[in-house]
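Notes for the one structure printed next.
Numbering (this note's numbering), first residue to last: 26 to 261.
Right, here's the structure in full:
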């Protein structure tokens with residue numbers, strides 16, 4: 026397999042990027058690659074069970090997306106609150122960064138937010154005038170290819186139906202199409218892997234094997250580990 030980044034370039038017309046989910050999760054299209062036959066099949070996610078074996082075990086990520094996206098009260102600066110450092114200090118991503126430099130301040134919901142220092146990964150420290158949990162009560166952090174404004178539907182649709190463990194800054198999107206009915210028909214276990222800011226960051230090395238992946242916290246229960254270890258085949 027090639028590790029040259031340019032070998033994976035392709036054109037994706039903007040008009041083919043859905044800006045809203047389908048009314049029903051399970052109606053999403055599903056591309057099926059049959060490696061043994063080297064064929065491609067177009068299917069619907071509702072039929073996923075037809076492509077699994079009876080003894081398969083699904084391993085699903087139950088991490089829940091945090092509504093940690095906020096805008097300054099004047100609407101000019103966007104913040105994504107990554108980590109609480111102290112009651113009044115947070116690590117954030119800022120866009121556009123050139124409008125919010127060290128020593129500058131804005132307000133979010135009446136709370137003064139001032140830039141402290143820069144971190145090597147491009148994030149920044151901000152100082153709050155009040156102790157506020159800005160990983161609550163904000164907007165869902167939609168990916169950059171969703172260019173529309175946030176809507177009320179995003180609170181539920183940019184979240185899996187089985188999300189339980191708070192901690193992600195982006196949805197584990199492979200699980201978005203499952204419904205309770207589909208889950209009820211397939212053996213499964215849950216792990217928690219909190220999706221971090223690395224999902225937003227581009228690959229900047231020509232050789233993708235040299236790309237540095239950032240760590241993400243996870244939790245695997247003894248029960249899930251036992252089921253995974255003893256499964257005939259694991260589908261994750």
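For each residue, glycine too, the CB sits at the ideal point set by N, CA and C.
Reduced DSSP secondary structure (H/G/I, E/B, other) of residue i
i           : result
residue 235 : helix
residue 211 : coil
residue 51  : helix
residue 133 : strand
residue 161 : coil
residue 173 : coil
residue 265 : Absent from the model: residue 265. The displayed extent of the chain is 26 to 261, so no value can be given.
residue 123 : helix
residue 40  : helix
residue 106 : strand
residue 185 : coil
residue 72  : helix
residue 196 : coil
Extent of the continuous alpha helix (DSSP H) run through residue i
i           : result
residue 87  : Careful: residue 87 lies outside any alpha helix (DSSP H) and carries neither H nor E.
residue 181 : 179 to 182
Those residues which DSSP pairs with residue i across a bridge
i           : result
residue 67  : 56
residue 204 : In DSSP, residue 204 forms no bridge with anything.
residue 29  : 232
residue 111 : 114
residue 259 : 82
residue 216 : 86
residue 243 : 218
residue 138 : 131 and 153
Start and end residues, beta strand (DSSP E) containing residue i
i           : result
residue 191 : 190 to 193
residue 250 : Note, residue 250: premise wrong, no beta strand (DSSP E); alpha helix (DSSP H) at 247 to 255.
residue 150 : 149 to 153
residue 95  : 94 to 96
C-beta neighbour in chain D for residue i, strict 8 angstroms
i          : result
residue 82 : This model lacks chain D altogether; it includes just one protein chain.
Rounded Cβ spacing between residue i and residue j (contact assumed at less than 8 angstroms)
i           : j           : result
residue 161 : residue 242 : About 19 angstroms; that fails the 8 angstroms criterion.
residue 118 : residue 148 : 5 angstroms
residue 66  : residue 207 : Actually they do not touch by this definition, with Cβ atoms about 19 angstroms apart.
residue 138 : residue 260 : 44 angstroms between Cβ atoms; not a contact.
residue 97  : residue 132 : 7 angstroms
residue 204 : residue 216 : Actually they do not touch by this definition, with Cβ atoms about 20 angstroms apart.
residue 44  : residue 181 : The Cβ separation is near 17 angstroms, so there is no contact.
residue 136 : residue 129 : Their Cβ separation, rounded to whole angstroms, is 15 angstroms, which puts residue 136 and residue 129 out of contact at 8 angstroms.
residue 166 : residue 201 : At roughly 14 angstroms, the Cβ-Cβ gap does not stay under 8 angstroms, so residue 166 and residue 201 are not in contact.
Segment contact flag, the segment 106 to 125 with the segment 226 to 234, C-beta cutoff 8 angstroms, min 3 pairs: No, the segment 106 to 125 is not in contact with the segment 226 to 234.
Cβ contact (3+ pairs, closer than 8 angstroms) linking the segment 64 to 74 and the segment 235 to 255: no
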